[in-house]
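*Asks:* Pasting in a structure now, in structure tokens, and then I'll have a few things to ask.
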Amino acid sequence: MTAVTGMARTTTFETYASYDELVARVRAGELGPDPATQRIAVAFTTRQAVRHDGRGTGYRNEVLSLRLAGAVGSCAVEPGALPDRAVEECVGANVAHLLEHPLLPVRVSALDAYLMHVAPHTPRNGALPVPLPAGTSLEKSRARAKAVVALLDLPTDATVLVVGVVNSLLEELRSRGLSYAPCDLKGGLTEWGEAVATDALAEAGRCDALLVSGMTLGNGSFEPLRRHALAHGKRLVMFAQTGSAVLPRFLGHGVSAVCAEPYPFFWLDGGPGTVHRYGGPWPAACPEGGR
């Protein structure tokens, strides 16, 4: 077993050099129970549209989630991209079967559910819990952004590639004096009128560190970014609603830190919540503070 030491805690699970290697080990039953014996009891999608008070732009989310015993694995998709049949195909299916499903988001959700089941986000597994205070969607978004950006640990002259534009993350980077290059497949403009690039790998060369959404697992762009960070010795921090239990498995192999946020996500209600950080210091407190 490979133990990966972060700044404050050591994981108790093995980490992997590539996504394909991790999937192969799961399929072989080397990380826990045979995935062919593990059946998905519930499959569902969560859809939302939001426009925070005081913000000039809004956004939409759609997430596929699969429940395995007490664990929920999730993968975000572009709104409208997931066919309705996908949910029905997942219910009652075993994890091994779903790891071979033709749709990548289904495969990622199944992998996430399995890994959440065998190694949940606990201090024993290297997770450092950060409480999110109750509040409005914007207040909770800003609180999460502080927990995420703190993992970058960069000098103020650094430039960060941000893959998956979240305005609260950009706002937090700005407050810390950090420059950034926003990138998202949808393109467009940020809240501050900055052009959003659509080719993350093309922008990565001019950046000192990478701050990347877990959604890259579901669209196939994670591995090239991980390999870039590893080859160039750059810090790669993942913020993960998609694949929150998957991404910590790449710590030390290109991924420097993960802010894992399993279902239910911060935007679903106004009560307190928790995110789980890997590869960073235990925070003294979570400052008060979506997208």
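For the sequence shown, full-length UniProt numbering begins at 1 and goes up steadily by one. Don't be surprised by glycine CBs; every beta carbon is placed ideally from N, CA and C.
Pop quiz: Ala110 and Gly73 are said to be a contact at Cβ under 8 Å. What is the actual Cβ separation, rounded to whole angstroms?
*Replies:* As a first step, residue 110 is located in the sequence shown; it is residue number 110 there, counting from the start. As a first step, residue 73 is located in the sequence shown; it is residue number 73 there, counting from the start. Right, the Cβ-Cβ distance comes to about 7 Å (below 8 Å), so this counts as a contact.
*Asks:* Under a three-way DSSP split, which group does His117 fall into?
*Replies:* By 1-based counting over the sequence shown, the position of residue 117 is 117. Looking at His117 - three-state DSSP - the assignment turns out to be helix.
*Asks:* Leaving aside the five residues before and after Val196 along the sequence, list all residues of the same chain whose C-beta is less than 7 Å from its C-beta, in chain order.
*Replies:* Position 196 of the sequence shown, counted from the start, is the residue given in the question as residue 196. Val165, Pro182, Cys183, Asp184, Gly187, Gly188, Leu189, Thr190, listed in sequence order.
*Asks:* Which same chain residues end up closer than 7 Å to Ala36 when comparing Cβ atoms and leaving out the 5 residues on each side of it in sequence?
*Replies:* Position 36 of the sequence shown, counted from the start, is the residue given in the question as residue 36. Cβ neighbours of Ala36 beyond the five flanking positions: Asn94, Ala96.
*Asks:* Taking only the alpha-carbon atoms, compute the straight-line gap between Ser18 and Leu225 and give it to the nearest angstrom.
*Replies:* Residue 18 sits at position 18 when you count from the first residue of the sequence shown. Residue 225 sits at position 225 when you count from the first residue of the sequence shown. Distance between the alpha carbons of Ser18 and Leu225 is about 12 Å.
*Asks:* CB-CB under 8 Å to Pro79, same chain, minus the five flanking residues each way: which ones, in chain order?
*Replies:* Within the sequence shown, numbered from 1, the residue matching residue 79 stands at position 79. Answer for Pro79: Arg47, Arg60, Asn61, Glu62, listed in chain order.
*Asks:* Of the residues His121, Leu211, Pro131, which one's Cα is nearest the Cα of Arg249?
*Replies:* As a working note, residue 249 is residue 249 in the sequence shown. Ranking His121, Leu211, Pro131 by Cα distance to Arg249 puts His121 first.
*Asks:* Could you tell me which residues DSSP puts in a beta bridge with Gly73?
*Replies:* Residue numbering aside, residue 73 sits at position 73 when the sequence shown is read from its first letter. Bridge partners of Gly73: Leu66.
*Asks:* Please confirm whether Arg67 and Phe266 have their CB atoms less than 7 Å apart.
*Replies:* Working through the sequence shown from its first residue, we reach residue 67 at position 67. Working through the sequence shown from its first residue, we reach residue 266 at position 266. Not closer than 7 Å, so no.
*Asks:* I need the DSSP call for Val195, collapsed to helix, strand or coil.
*Replies:* The count along the sequence shown starts at 1 and reaches residue 195 at position 195. Per the sequence shown, residue 195 should be read as Ala rather than Val. DSSP places Ala195 in strand when its eight states are reduced to three.
*Asks:* Candidates His117, Leu230, Cys259: which alpha carbon is nearest Leu152's?
*Replies:* By one-based count along the sequence shown, residue 152 stands at place 152. Minimum Cα distance to Leu152 is reached at Cys259.
*Asks:* Roughly how many angstroms lie between the CA atoms of Glu261 and Leu268, to the nearest whole one?
*Replies:* Position 261 of the sequence shown holds residue 261. Position 268 of the sequence shown holds residue 268. Their Cα atoms are separated by approximately 12 Å.
*Asks:* Determine the burial state of Glu172: buried for a count of at least 16 other Cβ atoms within 10 Å of its Cβ, exposed for fewer.
*Replies:* To locate residue 172, count along the sequence shown from 1; it is residue 172. Classification of Glu172: buried, given that the 10 Å Cβ count is 16 or more.
*Asks:* So His276 is in the beta strand (DSSP E); what residue range does that whole segment cover?
*Replies:* Position 276 of the sequence shown, counted from the start, is the residue given in the question as residue 276. Segment 273-278, the beta strand (DSSP E) holding His276.
*Asks:* Would you kindly report the start and end of the unbroken alpha helix (DSSP H) that includes Leu98?
*Replies:* What you label residue 98 is simply residue 98 of the sequence shown in a count that begins at 1. Where Leu98 is concerned, the enclosing alpha helix (DSSP H) stretches over 95-98.
*Asks:* Are there 16 or more other CB atoms within 10 angstroms of the CB of Thr242, so buried, or fewer, so exposed?
*Replies:* What you label residue 242 is simply residue 242 of the sequence shown in a count that begins at 1. With 16 or more Cβ atoms within 10 Å of its Cβ, Thr242 is classed as buried.
*Asks:* Cutting at 8 Å between CB atoms, please list the residues of its own chain near Val160, excluding the five before and the five after it.
*Replies:* Start at 1 with the first residue of the sequence shown, and residue 160 comes out as number 160. So the qualifying residues of the chain are Leu152, Leu154, Leu173, Leu178, Ser179, Tyr180, Ala181, Cys207, Asp208, Ala209, Leu210, Leu211.
*Asks:* Quick check on this structure: which residue in Leu103, Lys140, Pro105, His117 has the alpha carbon closest to the alpha carbon of Thr274?
*Replies:* Looking up residue 274 in the sequence shown gives position 274. Measuring from the Cα of Thr274, the nearest candidate turns out to be Lys140.
*Asks:* Comparing alpha-carbon positions, which option in Arg107, Gly279, Arg39, Thr198 lies nearest Ala257?
*Replies:* As a position in the sequence shown, residue 257 is number 257, starting the count at 1. Per the Cα distances, Gly279.
*Asks:* Fully enclosed by the UniProt domain "Putative heavy-metal chelation" (150-258), which alpha helix (DSSP H) runs are 4 residues long or longer?
*Replies:* Whole alpha helix (DSSP H) segments, 4+ residues: 167-175, 200-204, 215-219, 222-232.
*Asks:* Over the uninterrupted alpha helix (DSSP H) stretch that includes Leu22, give me the two end residues.
*Replies:* The count along the sequence shown starts at 1 and reaches residue 22 at position 22. Per DSSP, Leu22 belongs to the alpha helix (DSSP H) from 19-27.
*Asks:* Please name the residue in Val42, Ala119, Val108 whose C-alpha comes closest to that of Val91.
*Replies:* In the sequence shown, the residue the question calls residue 91 occupies position 91. The shortest Cα separation from Val91 among Val42, Ala119, Val108 belongs to Val42.
*Asks:* Given a threshold of 16 other Cβ atoms within 10 Å of its Cβ, counted over all protein chains shown, does Asp112 qualify as buried or as exposed?
*Replies:* The residue you call residue 112 lines up with position 112 of the sequence shown. Looking at its Cβ environment, which holds 16 or more other Cβ atoms inside 10 Å, Asp112 is buried.
*Asks:* If you reduce the DSSP assignment to three classes, tell me which class Val130 lands in.
*Replies:* On the sequence shown, position 130 is the one that residue 130 refers to. Strand.
*Asks:* Alpha carbon to alpha carbon, what distance is there between Ala200 and Gly126?
*Replies:* Within the sequence shown, numbered from 1, the residue matching residue 126 stands at position 126. Within the sequence shown, numbered from 1, the residue matching residue 200 stands at position 200. The alpha-carbon atoms of Gly126 and Ala200 are separated by roughly 29 Å.
*Asks:* Locate the alpha helix (DSSP H) running through Ala86, then write down its first and last residues.
*Replies:* Translated into the one-based positions of the sequence shown, residue 86 becomes position 86. Ala86 -> alpha helix (DSSP H) spans 85-90.
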